[in-house]
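S.K.: Structure below; questions to follow.
In my numbering, the protein residues as written are 49 to 270.
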């Protein structure tokens, strides 16, 4: 049986149509899938290690908020917060448990114990005066303490850590080996805090551990 010319013309037109102009029903539909959440992993393999008299530990999590004052707003911001933000690289504490650390040019970190709602507490006084960014999940602090801690830190840190120069309460933006850190000498002189991006925490932990075990030659021995 010979097909009619009308039928042949219809199929020729259909085959010549671009794919995008065909009926949607001819396009195979796939089931939509939702992205899966990444599993939570600890920042470092062990929360605490001890080598001789030295201890390297993951510091308790503190809520951290970055404060960046807007132009010419530093004086009114300090007034609103009820604290004078340090102009040198130091850390100061307040009666309500908040600590303020000079973190960079025109930037400070406010920290407080976990669960204190630091971001909410800062929102009102900083409104229209400063930009706030929650940094709690992006940073990790490792604490190195014990007899000889300064000698171990000096193996990695390229600044003078003598207590007459880097005094208790001092803070420095520096490198630990190749890793950018915020180094703080605790106000009681008992230990050093290395604050680092979370993604660098394991590398920093490894480097400090190696130094504690006598690695990194040609350095001061404990």
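Here a beta-carbon is modelled for each residue, glycine too, at the ideal position from N, C-alpha and C.
Can you tell me which of the three DSSP states residue 108 falls into?
M.R.: Residue 108: coil per DSSP, three-state reduction.
S.K.: Exposed or buried, residue 143, counting other C-beta atoms within 10 Å across all chains shown (16 or more means buried)?
M.R.: Result: exposed.
S.K.: Alpha carbon to alpha carbon, how far is residue 89 from residue 218? Give it in angstroms, no decimals.
M.R.: Distance between the alpha carbons of residue 218 and residue 89 is about 31 Å.
S.K.: Using only the alpha-carbon positions, how far apart do residue 263 and residue 172 sit?
M.R.: So the alpha carbons of these two residues sit roughly 49 Å apart.
S.K.: Can you pull the DSSP bridge partners for residue 116?
M.R.: BP columns for residue 116 point to 179.
S.K.: Would residue 178 and residue 116 qualify as a contact pair, given that the criterion is a beta-carbon distance under 7 Å?
M.R.: In this structure, residue 116 lies closer than 7 Å to residue 178 by Cβ.
S.K.: Using the Cα positions of residue 261 and residue 152, report the straight-line distance between them to the nearest angstrom.
M.R.: C-alpha separation (whole angstroms): 32 Å.
S.K.: Are there three or more Cβ pairs, one per stretch, closer than 8 Å when the segment 199-216 is compared with the segment 232-250?
M.R.: They touch, by the three-pair rule.
S.K.: Taking Cβ to Cβ, would you say residue 92 is nearer than 7 Å to residue 250?
M.R.: It is a contact, given that the beta carbons lie within the stated cut-off.
S.K.: Using a Cβ-Cβ cut-off of 8 Å (strictly less than) and excluding sequence neighbours within five positions of residue 266, which residues of its own chain qualify?
M.R.: Interpretation of residue 266 is limited by its pLDDT of 46, a score under 50 that renders its predicted location unreliable; the figure taken from the coordinates is listed afterwards. Cβ within range, chain order: n/a, list empty.
S.K.: What did DSSP end up calling residue 91 once you bin it into helix, strand or coil?
M.R.: Residue 91: coil per DSSP, three-state reduction.
S.K.: For residue 149, which residues of its own chain have a beta-carbon under 6 Å away from its beta-carbon, when the five flanking residues on both sides are left out?
M.R.: Contacts found: 139, 157, 219.
S.K.: Go through its chain and collect everything with a Cβ distance to residue 130's Cβ below 6 Å, but skip five positions before and after it.
M.R.: There are no such residues.
S.K.: Could you give the C-beta distance for residue 180 and residue 114, rounded to a whole number, given that I count them as a contact under 8 Å?
M.R.: Rounded, the Cβ-Cβ distance is 7 Å, consistent with contact.
S.K.: Taking 7 Å as the CB-CB limit, is residue 244 close to chain C?
M.R.: The structure shown has no chain C; it contains just one protein chain.
S.K.: Suppose you measure from the CA of residue 225 to the CA of residue 146; what does that come to, to the nearest Å?
M.R.: Straight-line Cα distance between these residues: approximately 30 Å.
S.K.: Are residue 106 and residue 162 closer than 7 Å when you measure CB to CB?
M.R.: Contact flag unset, no.
S.K.: Considering only heavy atoms of the ligand COA, does any lie closer than 6 Å to the CB of residue 240?
M.R.: With respect to small molecules bound, the structure shown includes none, and the ligand COA cannot be examined in it.
S.K.: According to DSSP, is residue 238 helix, strand or coil?
M.R.: Looking at residue 238 - three-state DSSP - the assignment turns out to be coil, as it is neither helix nor strand.
S.K.: Residue 157 by DSSP, collapsed to three states: which one?
M.R.: Residue 157: strand per DSSP, three-state reduction.
S.K.: Relative to the alpha-carbon of residue 183, which residue among 134, 253, 235, 111 has its alpha-carbon at the smallest distance?
M.R.: When each option's Cα is compared against that of residue 183, the closest is 111.
S.K.: What do you reckon, are the CB atoms on residue 102 and residue 165 nearer than 7 Å?
M.R.: Contact flag unset, no.
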